[in-house]
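Heads up: the structure comes next, in structure tokens.
Structure representation (structure tokens):
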């Protein structure tokens with residue numbers, strides 16, 4: 086392995102910082118971990134290596150800058166800091182400005198800051214990580230990889246909302262889509278694994294996790310997706326409502342005398358699986374509760390599956406053909422139950438599972454789970470970090 090083939094991938098949230106040191110030609114990180122509870126008194130950083138060793142360190146100032154200082158000190162102690170070729174930063178919203186990953190310059194930072202109005206919970210946190218990392222390692226190329234970039238191939242008919250057109254022109258109100266790095270990775274992996282014609286194929290990707298979205302991929306390009314201007318639209322998620330009649334939101338605001346900001350917070354943080362079940366946003370917990378007869382847990386799963394199947398059917402109309410339906414993400418990769426219930430609802434499309442293959446395809450396994458002679462259904466674990474590392478390494482070579 087070349088020393089210059091390592092990329093540090095950073096995914097910075099408002100109170101957390103995920104990281105991994107990725108060899109570009111291998112999907113497995115040499116080092117990875119999470120700094121959490123940043124901004125609080127009990128902030129810690131957990132570092133794990135490929136051998137399974139783990140260390141948990143307290144952070145004195147509980148800031149992103151301090152977390153990166155500790156991380157970089159750890160990299161130095163393991164003789165990895167001088168082997169980094171680049172740092173890849175995950176950025177949530179690139180608006181219409183960024184169609185590809187880019188080298189971070191002052192102008193790029195200004196645009197990401199300006200786009201914070203479209204992603205106020207994500208872009209400012211992403212910028213915090215970028216600025217802290219640049220301050221500590223200014224000599225390395227820093228690359229921004231945008232969740233929205235893959236969906237910039239959507240046609241106007243797919244991204245335009247049916248509201249007064251001047252809102253799109255003046256305020257950039259349109260569908261952007263998210264999870265683009267995951268959808269792009271899965272689309273490439275599925276095409277290779279199934280030996281599909283690069284210029285004539287259609288794939289539906291269901292990225293299911295705490296945040297979930299669908300993407301219709303035609304000949305390698307995103308042509309439709311379920312998330313919208315923000316990651317709130319579309320599927321039922323852990324704490325997000327997904328699609329919601331705006332009239333219902335206005336009615337709730339009127340009945341409860343809550344401002345729109347409070348309603349927005351509720352549909353983002355206290356809805357979805359958690360809101361229906363009243364128990365948890367974790368699908369595993371709800372499956373167990375469902376098995377034990379908890380009706381609200383069962384309802385939460387039923388609503389999630391109903392919405393998922395409905396969106397998959399709708400997204401199919403954006404393709405000319407269907408070569409594969411691929412499940413990915415934490416739920417998509419590990420919940421045989423959710424896959425089974427979803428495919429049952431899609432039997433009208435001629436889809437059918439091999440129940441044994443479906444049951445076995447968990448825990449990071451990749452493969453086809455459809456019954457013999459029926460349209461292909463597959464499970465492919467996503468690897469956004471690898472995609473970010475590949476983009477960063479390629480752009481760094483040109484920098």
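In this note's numbering, the protein residues as written are 86 to 484.
Even glycine gets a Cβ: it sits at the ideal position worked out from N, Cα and C.
Keep in mind that this is a model prediction, so the values were computed, not measured.
Below 8 Å, enough C-beta pairs join the stretch 173–188 and the stretch 220–232 to call them touching: three or more. Residue 390 sits buried, since 16 or more C-beta atoms from the chains shown fall within 10 Å of its C-beta. Of the candidates 325, 202, 196, 348, the residue whose Cα lies closest to the Cα of residue 392 is 325. The Cβ neighbour count for residue 214, taken over all protein chains shown within 10 Å, is at least 16; the residue is labelled buried.
Take the alpha-carbon of residue 191 and the one of residue 216: they are about 10 Å apart. Taking a cut-off of 8 Å on C-beta distances, the stretch 130–137 touches the stretch 113–122, as three or more cross pairs fall below it. Look at residue 285 here: in three-state DSSP terms it is coil, with no helix or strand label. Closest by C-alpha distance to residue 421, out of 447, 366, 308, is 447. DSSP lists 228 as the bridge partner or partners of residue 188.
The shortest C-alpha to C-alpha distance from residue 463 to any of 376, 212, 471, 424 is the one to 424. Each of 235, 125, 128, 158 was checked against the Cα of residue 177, and the nearest Cα belongs to 235.
Less than 8 Å divides the Cβ of residue 357 from the Cβ of residue 321. The C-beta of residue 164 has fewer than 16 other C-beta atoms within 10 Å across all chains shown, which makes the residue exposed. Under the DSSP assignment, residue 173 falls in the beta strand (DSSP E) whose first and last residues are 169–176. Check the Cα spacing between residue 238 and each of 253, 269, 248: the tightest is with 269. Residue 233 carries a coil assignment under DSSP once its states are collapsed to helix, strand and coil. Counting of Cβ neighbours within 10 angstroms places residue 274 among the buried residues, the total reaching 16 or more. Between residue 100 and residue 124, the C-beta gap is smaller than 8 Å, which places the two residues in contact.
For residue 340, no pairing in a beta bridge is given by DSSP. Approximately 5 Å separates the beta-carbon atoms of residue 469 and residue 266; this is inside 8 Å, confirming the contact.
Judged by beta-carbon spacing, residue 186 lies beyond the 8 Å limit of residue 416, meaning their Cβ atoms are not closer than that value. Restricting attention to alpha helix (DSSP H) runs no shorter than 4 residues, the stretch 377–401 encloses them at 380–401, ordered along the chain. Taking one beta carbon from each stretch, the stretch 253–261 and the stretch 287–301 have fewer than 3 pairs nearer than 8 Å; the two do not touch. Taking a 10 Å sphere around the C-beta of residue 443, we find 16 or more other C-beta atoms and assign the residue as buried.
Out of 472, 282, 412, the CA that lies nearest to the CA of residue 455 is found in 412.
Distance from the CA atom of residue 128 to the CA atom of residue 314, rounded to whole angstroms, is 32 Å. Note on residue 139: under 16 other CB atoms within 10 angstroms of its CB, so exposed under the neighbour-count rule. For the pair residue 371 and residue 355, the Cα-to-Cα distance works out to about 15 Å.
Counted as a single uninterrupted DSSP element, the beta strand (DSSP E) harbouring residue 134 occupies residues 129–134.
Counting the other Cβ atoms within 10 Å of the Cβ of residue 458 gives fewer than 16, which makes it exposed. For residue 273, the secondary structure class from DSSP, reduced to helix, strand or coil, is helix. Under the Cβ criterion (8 Å, minimum of three pairs), the stretch 374–384 does not count as touching the stretch 425–445. For residue 271, the closest alpha carbon among the candidates 386, 395, 409 is that of 409. Restricting attention to alpha helix (DSSP H) runs no shorter than 4 residues, the stretch 295–374 encloses them at 331–341, 345–354, 357–362, ordered along the chain.
Of the candidates 352, 222, 97, 285, the residue whose Cα lies closest to the Cα of residue 158 is 222. Judged by their CB atoms, residue 317 and residue 353 are nearer to each other than the 8 Å cut-off.
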